[in-house]
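Taking it in order: structure first as structure tokens, then the write-up.
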Amino acid sequence: MVEVAAERGKQLSSRVSEEGAGWACTQIGTFAQLRPNSRSFSWLNVRTLWRSRNEILAGLFGDPSGQVRARWVEAQEARGIDPEFRIKPSVEGNFSFLLLGDTGEGDASQYAVVPGMLKLGEETSFAVIVSDVIYPTGSGNEYGDKFFRPYQDYDAPIYAIPGNHDWYDGLGGFMRVFCDAPPLKPKPDRGLRGLLWRKPETIDEARLAEARALRGRPSQQATQPAPYWVIESENLLLVGVDTGIRNVIDRGQAEWLRRVSLDPRPKVLLTGKPIYTGNAYKPSPLEGGGTIDDIVRDPAHRYVAVIGGDVHNYQRYPVQVGDRVIQYVVSGGAGAFMHATHTIGRVDVAGVDEDDFRCYPLRGDSLSFYSQLYARRLRMKWLYLTPSEALCVMSEHIKNEPVRTPAGPVRITRRMRWAARLLGAWPWPFRLPVDRVFHRFLSEMSDWDTPPFFKQVLHVSVTPEELTLRCFAATGCLAQELEPPLEDEVRISLS
37 MVEVAAERGK QLSSRVSEEG AGWACTQIGT FAQLRPNSRS FSWLNVRTLW RSRNEILAGL
97 FGDPSGQVRA RWVEAQEARG IDPEFRIKPS VEGNFSFLLL GDTGEGDASQ YAVVPGMLKL
157 GEETSFAVIV SDVIYPTGSG NEYGDKFFRP YQDYDAPIYA IPGNHDWYDG LGGFMRVFCD
217 APPLKPKPDR GLRGLLWRKP ETIDEARLAE ARALRGRPSQ QATQPAPYWV IESENLLLVG
277 VDTGIRNVID RGQAEWLRRV SLDPRPKVLL TGKPIYTGNA YKPSPLEGGG TIDDIVRDPA
337 HRYVAVIGGD VHNYQRYPVQ VGDRVIQYVV SGGAGAFMHA THTIGRVDVA GVDEDDFRCY
397 PLRGDSLSFY SQLYARRLRM KWLYLTPSEA LCVMSEHIKN EPVRTPAGPV RITRRMRWAA
457 RLLGAWPWPF RLPVDRVFHR FLSEMSDWDT PPFFKQVLHV SVTPEELTLR CFAATGCLAQ
517 ELEPPLEDEV RISLS
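Residues in the sequence shown are numbered consecutively from 37, following the numbering used here.
Set out below in structure tokens:
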């Protein structure tokens with residue numbers, strides 16, 4: 037089924053036409069009927085920002101995630117979990133799974149992904165959420181509308197690794213839902229950090245039980261051992277690591293990662309923080325020295341890909357490491373507001389050629405999206421760039437051929453270039469909030485509740501010989517729900 041959908045999806049993608057990108061949306065998809073309410077998640081709220089303060093406190097006074105994680109793991113080991121944190125789903129030699137990243141805002145942009153996900157996931161063995169299951173603070177009291185309800189019809193287990201937002205609750209909600217773990221006993225944290233630090237919420241057990249019933253079928257049940265784990269199959273290991281708030285791996289997890297990486301089977305690393313993103317290298321340090329990427333690059337460990345969330349779009353960097361290529365993927369576009377791709381300059385990191393780089397949304401669509409958003413909200417019509425205009429402006433800047441043929445002739449004007457500058461298409465001292473620096477406080481400025489959404493989900497197929505990654509789009513338009521566009525595909529040898 038997915039093979040057929042992929043072949044059709046190639047001809048329907050944003051790389052082929054504006055219709056494939058969702059710009060010509062004639063009918064909104066069925067996702068609108070799935071939402072429990074019409075309220076939209078907003079970061080432009082003092083209470084939301086105050087609840088999310090642990091990110092800033094961790095940067096100022098140190099990130100306690102490593103110590104708290106060690107306590108969670110110790111408590112789980114006392115309950116008798118597998119000390120190597122193994123998960124062994126019932127899969128044969130050939131199987132497939134879904135991967136979603138940064139899902140849990142609970143609004144239109146999350147629910148827009150669901151119809152296509154269900155269609156693509158009909159024959160998959162399980163799904164994995166990579167980073168930020170629940171916004172804004174990972175509370176166990178918000179899983180109903182942001183996890184159990186949207187995925188109630190996905191008839192297979194769902195595993196997860198936490199993101200920084202899940203850690204703002206001390207991982208209490210995450211551990212209760214995914215590991216069935218009781219709360220940790222409070223441990224005083226003296227000093228200013230301890231005084232200001234947001235403490236975990238008390239979970240309303242009746243409310244959580246009601247939410248769990250939405251995914252109550254035996255086929256949907258899964259309990260994972262800890263916030264990091266390894267999913268084992270005959271031909272592949274999926275190694276999930278927990279990067280906490282500030283992207284440092286504690287000593288105990290680092291030692292486990294080194295042990296599990298010695299297994300001779302091919303591996304894919306799943307991480308809350310991508311290693312390559314925005315044409316930059318972020319290798320993720322390990323407590324005690326070294327980085328995650330040092331382990332990934334060691335040929336004895338046989339890693340073939342790294343997939344990370346946290347950044348709310350799709351990017352793929354095929355990096356040559358010795359005599360092999362490792363696919364470094366960003367996949368964080370399954371629900372939260374979109375991080376721009378038009379701010380990514382011509383790609384050259386780690387020797388990756390621009391022509392080999394892939395992203396979704398396309399840079400031109402990202403620029404057009406932001407131009408329309410600010411033209412509306414600031415009532416500045418001159419900022420608006422059509423998809424074709426934005427496509428050509430970005431092609432001129434990046435110095436490559438337009439990814440798709442523009443809809444009609446385009447003459448690039450001074451107005452278009454000024455608009456692109458202000459929208460952050462290239463470095464400029466005066467620009468509107470479009471990148472991640474501003475999103476902690478102004479992300480609502482880049483969020484809207486009407487198509488196109490430029491969301492995505494990964495479908496991963498595994499055989500003894502090959503792993504196939506496919507990035508399918510979710511625009512929120514009915515046409516793309518019925519036939520999800522295929523935005524990227526890569527086949528990786530496992531032999």
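Glycine included, every Cβ here is placed at the ideal spot set by N, Cα and C.
*Going by alpha carbons, who is nearest to R89 out of K435, S49, P172?*
P172
*Leaving out five residues before and five after E432 in sequence, what residues of the same chain have Cβ atoms less than 7 Å from its Cβ?*
I448
*Apply the 10 Å Cβ neighbour rule to F477 and answer buried if 16 or more other Cβ atoms are within range, or exposed otherwise.*
Low confidence applies to F477: its pLDDT is 43, below 50, so where it sits in the model is not reliable, and the reading given next is rough at best. The residue in question, F477, is exposed, as its Cβ has fewer than 16 Cβ neighbours within 10 Å.
*In whole angstroms, what is the alpha-carbon distance linking P186 and P445?*
42 Å
*Excluding the 5 residues preceding and the 5 following V347 in the sequence, name in chain order all residues of the same chain whose CB lies nearer than 7 Å to its CB.*
P310, T313, V366, G368, H375
*Ranges of the alpha helix (DSSP H) found wholly within the region 304 to 371, counting only runs of at least 4*: You should have 328 to 333.
*Cα-Cα separation between D524 and L48, rounded to whole angstroms*: 12 Å
*Roughly how many angstroms lie between the CA atoms of W233 and L93, to the nearest whole one?*
7 Å
*How big is the Cα-Cα spacing for S175 and D168?*
11 Å
*Between the CA atoms of T441 and P520 - distance to the nearest angstrom*: 21 Å
_Collapsed DSSP secondary structure at Q63 in the structure displayed_ = Coil, per DSSP.
*Buried or exposed by the 16-neighbour rule on C-beta atoms within 10 Å, applied to R83*: exposed
*Between the Cα of S132 and the Cα atoms of I123, A510, T499, which residue gives the shortest distance?*
Nearest of I123, A510, T499 to S132, Cα basis: T499.
*Taking the CB atoms as reference points, tell me whether L156 and V38 lie closer together than 8 Å.*
yes
_Extent of the continuous alpha helix (DSSP H) to which V40 belongs_ = 38 to 46
*Is E519 helix, strand or coil when you go by DSSP?*
Three-state DSSP puts E519 in coil, outside helix and strand.
*Contact check, V332 vs I362 under 8 Å by CB: the rounded distance?*
Indeed, because the Cβ distance is near 7 Å, the residues count as touching under 8 Å.
*Would you grab the beta carbon distance between V284 and G102 for me? Rounded to a whole angstrom, and I think it's under 8 Å.*
7 Å
*Say whether the region 121 to 141 touches the region 41 to 59, bearing in mind that this needs 3 or more beta-carbon pairs closer than 8 Å, one atom from each stretch.*
The region 121 to 141 vs the region 41 to 59: no contact.
*asked:* Can you check which of these residues, V496, V340, P219, is closest to R105 by C-alpha distance?
replied: P219
*Which value, in whole angstroms, describes the spacing of the CA atoms of N315 and R382?*
8 Å
*Within 10 angstroms of the Cβ of A242, are there 16 or more other Cβ atoms? Answer buried if so, exposed if not.*
A242 should be labelled exposed.
*With a CB to CB cut of under 8 Å and the five nearest residues on each side skipped, what residues in its chain are close to T66?*
P151, L514, E517
*Have a look at R352 and V266 and give me their C-alpha separation to the nearest angstrom.*
23 Å
*Roughly how many angstroms separate the alpha carbons of G98 and N200, rounded to a whole number?*
14 Å
*Over the uninterrupted alpha helix (DSSP H) stretch that includes W292, give me the two end residues.*
287 to 296
*Beta bridge counterpart(s) of W464 as assigned by DSSP*: Looking at the DSSP assignment, W464 forms no beta bridge with any residue, so it has no partner.
_Length of the line joining the Cα atoms of W59 and T160_ = 30 Å
*Leaving out the 5 sequence neighbours to the left and right, which residues in its chain are closer than 6 Å to K223 when beta-carbon positions are compared?*
So the list is empty, once near-sequence residues are dropped.
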